[in-house]
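Novice: Every letter in the sequence shown is one number past the one before it in the numbering used here, and letter 183, counting from 1, is 1392. Sharing a structure here in structure tokens format.
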Amino acid sequence: MKIDILTLFPEMFKGVFGSSILKRAIEKEIVDINCINIRDFSKDKHKKVDDYPFGGGPGMVIKPEPIYDAIESVKAADSRIIFLTPKGKVYNQSIANSLSKEKHLIFLCGHYEGVDNRIIENYVTDEISIGDYVLTGGELPAMVVIDSVVRLIPGVLGKEESFIEESHYDGLLEYPQYTRPREFKGHKVPEVLLSGNHKKIEEWRKYKALELTYIRRPDLLKNKKLTKEEEKLLKQ
Ligand code: ADE
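Put into structure tokens, the structure is as follows:
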């Protein structure tokens, strides 16, 4: 997968792709990530990229020309062009899954009061929000989306880091995990996990995942089609 990030602050991304799983994915050439400075596409002699909003009001708006030229410098026929904005569709695991199957993602990070809307209307394919709160720019949201997408690409996670069992993979929150010692400051590990009975353990984990989701995130259960076994467990 190729990822291009269009930003006014490329230095913000330095540490993120230089460590851990993302670094490994880049080294293995599973993903190719480039930061493009929108300012490099300014034709202004002072490299200005923003201007006052038509109609008045506070703040500045990023001009369409440098963004258009930055997009054109990387765009292919099948690119998805993602604008990070609190006005976008709220991001979730199912959007991450869909993005992880693409060949080319372009992330457009806005700042100041916004981006000229003609870019959003005519060139952006997806508007994504990472939650109902406002950040100072699209860079942190782009990092969140990129991290969650790249880890889903086959070959990025090792066997022991598989995402099959984790929260949201099957629409539920993950069951609780324990390791040694069996007793910690008087708190015991649930007996069933020490039983060696794999069927019982699997049933307990499923129950715990359902219970936790029911208590904390009943909204997730509304959108999920439960199997007969899950319905039975939930009624217990
Ligand atoms: N830019 C500012 N706030 C944002 C948010 N919550 N999600 C995506 N992009 C943003």
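For every residue, glycine included, the Cβ atom is placed at its ideal position computed from N, Cα and C.
From the DSSP output, in three-state form, read off Pro1295 for me.
Specialist: In the sequence shown, residue 1295 corresponds to position 86, counting from 1. Note: Pro1295 maps to strand in three-state DSSP.
Novice: So, at 7 Å on beta carbons, what are the nonlocal neighbours of Ala1286 in its own chain, with the 5 sequence-adjacent residues on each side left out?
Specialist: Start at 1 with the first residue of the sequence shown, and residue 1286 comes out as number 77. For Ala1286, where only same-chain residues beyond five positions count, there are no Cβ hits under 7 Å.
Novice: Which word fits Pro1350, buried or exposed, when buried means at least 16 other C-beta atoms lie within 10 angstroms of its C-beta?
Specialist: The residue labelled residue 1350 in the question sits at position 141 within the sequence shown. Counting Cβ neighbours within 10 Å, Pro1350 comes out buried, since at least 16 surround it.
Novice: DSSP three-state call for Lys1397: helix, strand or coil?
Specialist: To locate residue 1397, count along the sequence shown from 1; it is residue 188. In the structure shown, Lys1397 sits in a strand (DSSP, three-state: E or B).
Novice: Roughly how far, in whole angstroms, is the beta-carbon of Lys1433 from the beta-carbon of Gly1380, given that I think they are within contact range, below 8 Å?
Specialist: In the sequence shown, counting from the first residue as 1, residue 1433 sits at position 224. In the sequence shown, counting from the first residue as 1, residue 1380 sits at position 171. Correct: roughly 4 Å between the Cβ atoms.
Novice: Measure the Cβ-Cβ separation of Ile1230 and Ser1309 and say whether it is below 7 Å.
Specialist: The residue you call residue 1230 lines up with position 21 of the sequence shown. The residue you call residue 1309 lines up with position 100 of the sequence shown. Going by C-beta atoms, Ile1230 is not nearer than 7 Å to Ser1309.
Novice: Counting only the same chain and skipping the five closest in sequence on each side, list residues whose C-beta sits under 6 Å from that of Glu1336.
Specialist: Taking the sequence shown and counting its residues from 1, the one referred to as residue 1336 is at position 127. Excluding positions up to five away in sequence, the list reads Phe1292, Thr1294 and Gly1297.
Novice: Assuming Lys1211 and Asp1241 form a contact by the criterion Cβ under 8 Å, report the distance between their Cβ atoms to the nearest whole angstrom.
Specialist: Sequence index remark: in the sequence shown, residue 1211 carries index 2 (1-based). Sequence index remark: in the sequence shown, residue 1241 carries index 32 (1-based). About 5 Å separates the two Cβ atoms, so the contact holds.
Novice: Nearer than 6 Å: is that true of the beta carbon of Val1343 relative to any heavy atom of the ligand ADE?
Specialist: Residue mapping note: residue 1343 aligns to position 134 of the sequence shown, counting from 1. Yes.
Novice: Look up His1320 in the DSSP assignment and say whether it is helix, strand or coil.
Specialist: Working through the sequence shown from its first residue, we reach residue 1320 at position 111. Coil.
Novice: Measure from the alpha carbon of Asp1341 to the alpha carbon of each residue in Asn1301, Ile1328 and Arg1391, then state which is nearest.
Specialist: Locating residue 1341 in the sequence shown gives position 132, where the first residue counts as 1. Comparing Cα positions, the closest option is Asn1301.
Novice: Buried or exposed: where does His1396 fall if 16 or more other Cβ atoms within 10 Å of its Cβ makes it buried?
Specialist: Stepping through the sequence shown from its first residue, residue 1396 is reached at position 187. So His1396 counts as exposed.
Novice: Provide the residue span of the alpha helix (DSSP H) that contains Glu1420, from first to last.
Specialist: Locating residue 1420 in the sequence shown gives position 211, where the first residue counts as 1. Segment His1407 to Arg1425, the alpha helix (DSSP H) holding Glu1420.
Novice: Under 8 Å Cβ to Cβ from Leu1382, same chain only, skipping five residues before and after it: list those, please.
Specialist: What you label residue 1382 is simply residue 173 of the sequence shown in a count that begins at 1. Taken in chain order, the residues that qualify are Ser1376, Ala1418, Leu1421, Thr1422, Arg1425, Arg1426 and Leu1429.
Novice: On the three-state DSSP scale, how would you describe Asp1259?
Specialist: Walking along the sequence shown from the start, residue 1259 turns up at place 50. DSSP places Asp1259 in strand when its eight states are reduced to three.
Novice: Could you say if the stretch 1323-1331 and the stretch 1217-1236 meet the contact criterion of at least three C-beta pairs nearer than 8 Å?
Specialist: Result no; under three Cβ-Cβ pairs closer than 8 Å.
Novice: The alpha helix (DSSP H) with Ser1307 in it runs from where to where?
Specialist: Counting from one through the sequence shown, the residue named residue 1307 turns up at place 98. Looking at the DSSP string, the run of the alpha helix (DSSP H) that includes Ser1307 is Gln1302 to Leu1308.
Novice: Tell me the rounded alpha-carbon separation between Met1269 and Tyr1387.
Specialist: For the purposes of this step, residue 1269 is taken as residue 60 along the sequence shown, with counting starting at 1. For the purposes of this step, residue 1387 is taken as residue 178 along the sequence shown, with counting starting at 1. Roughly 51 Å separates the two Cα atoms.
Novice: Any contact of the stretch 1271-1279 with the stretch 1244-1258, i.e. 3+ C-beta pairs under 8 Å?
Specialist: Result yes; three or more Cβ-Cβ pairs closer than 8 Å.
Novice: Tell me where the beta strand (DSSP E) around Glu1281 begins and ends.
Specialist: What you label residue 1281 is simply residue 72 of the sequence shown in a count that begins at 1. It is not in any beta strand (DSSP E) - Glu1281 instead sits in the alpha helix (DSSP H) that spans Pro1273 to Val1283.
Novice: Please report the distance separating the alpha-carbon of Tyr1332 from that of Glu1370.
Specialist: Within the sequence shown, the letter at position 123 stands for residue 1332. Within the sequence shown, the letter at position 161 stands for residue 1370. If I take the Cα positions, the gap works out to 36 Å.
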